[in-house]
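Since the structure comes first, as structure tokens, the remarks are kept for the end.
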Amino acid sequence: MRKIAITLTERQADAIERIRLERGMPRSRVIQQALDLYLASQEPANESDQAYEAGYRAKPEYAGEAEVYARITGEVLPLEEWA
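Residue numbers for the sequence shown follow the working numbering, so the first one is 10 and each next one is one higher.
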């Protein structure tokens, strides 16, 4: 592990302190978890994700398609009981 010094806004510091107290965690762990989530979101998409996105860019859906899909799904799938 390495230690670094960072400067936070008051809002950021207050939020970290609130989360730390609620969860009983050290400040550094709260920041590590937040940073892990951020870094994971910045990773480049894998090849299948890139191919999927390229397909939508080449042939995007028109606005009415989602409505049609929702209607058809409602007709095909049975209703489920929710307790």
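A virtual CB, placed ideally from N, CA and C, is assigned to each residue, including glycine.
Please read these numbers as outputs of a predicted model, since none were measured by experiment.
Whole-Å CB distance - residue i paired with residue j, under 8 Å assumed
| i | j | result |
| --- | --- | --- |
| Arg36 | Arg29 | 5 Å |
| Ile40 | Ile25 | 6 Å |
| Ala54 | Glu62 | 7 Å |
Backbone secondary structure at residue i - three-state DSSP
| i | result |
| --- | --- |
| Gln21 | helix |
| Arg11 | coil |
Own chain, CB closer than 8 Å to residue i, minus 5 neighbours either side, in chain order
| i | result |
| --- | --- |
| Arg32 | Val39 |
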